Amino acid sequence: IAIDFLSLQNPQPYAAWLKALVTPKEPLQVQLAALNALKVIPGTEISKYLLNNWQTLPPGVITAAVNTLMTSEDRINLLLEAIEKKQISLSDIDWVQSVRLRSSANMKIRAWARELFSRKEAGLKNLLQEYQAALSLKGNAERGKQIFQQNCAVCHQIEGKLGRAFGPDLGTVHAWAQADIMTNILDPNQSIAHGYDT
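The opening position of the sequence shown corresponds to residue 295 in my numbering, with each subsequent residue numbered one higher.
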């Protein structure tokens, strides 16, 4: 693509074209560049577009999409409302973004974000309790491989194989305690490997 999206003085006339580039059919770098250009268009039209298409956004674009929704108080309100309505999962918000929301200078936004994230923490405790019985089950490596390919390989590899090297390589997971593996699967943002915080 010959156009450098970031050099567009006014991306507004290109909004429809840029929105069409935020699709899994396009390379990740093209999607991220389009989002960066869309982010500077004032108002909430872009935010509403992203929220309406949230389920089609690939994992590598989610963080950038959330950053787009955090550029103004109007957009943040839409983001928190979408979380409240479960249109967006709290797990889509990374740790840095959650800290920004919970420490907002706007007291209403700060209180709302803190209340939403405290629900997540309570829900995670219940979820971990629900899955405790799974720790005593016998594993099935072949079934585990299928589940990894369906769910995890979108972002992770194992020893440089099977999947995409977007998130940390999971080759060392076999040395982890089962309870730690379960916790990281159910709440992947709880601990973030150095260099992967974005």
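In this text, a Cβ means the ideal position worked out from N, Cα and C, and glycines have one as well.
If you're wondering where the values come from, they're calculated on a predicted model, not measured in any experiment.
- Three or more Cβ pairs closer than 8 Å define a contact, and the region 473-484 meets that threshold against the region 418-426.
- Residue 455 sits in a strand when the DSSP states are folded into three classes.
- Straight across, the Cα-Cα distance linking residue 403 with residue 394 is about 10 Å.
- Exclusion of the five residues before and after residue 363 leaves 341, 369 and 373 as the residues of its chain whose Cβ lies within less than 6 Å of its Cβ.
- The region 462-470 and the region 355-362 do not touch, with fewer than 3 CB-CB distances between them shorter than 8 Å.
- Note that the C-beta distance between residue 345 and residue 376 is below 9 Å.
- Listed in chain order, the non-local C-beta contacts of residue 355 below 6 Å within the same chain comprise 325, local neighbours out to five positions each way being set aside.
- Assigned with DSSP and collapsed to three states, residue 381 falls in coil, not helix or strand.
- Secondary structure at residue 470: coil, using DSSP grouped into helix, strand and coil.
- In this structure, residue 448 sits near residue 352, with a CB-CB distance shorter than 9 Å.
- Residue 349: not part of any alpha helix (DSSP H); DSSP gives it neither H nor E.
- A residue is called buried when at least 16 other Cβ atoms come within 10 angstroms of its Cβ; residue 331 meets this threshold and is buried.
- The Cβ-Cβ distance between residue 321 and residue 350 does not fall below 9 Å.
- When secondary structure is reduced to three states using DSSP, residue 357 falls in the helix class.
- Pairing residue 429 with residue 472 gives a Cβ-Cβ distance under 9 Å.
- For residue 407, the CB contacts under 8 Å within the same chain, skipping 5 residues up- and downstream, are 374, 392, 395, 396 and 398 in chain order.
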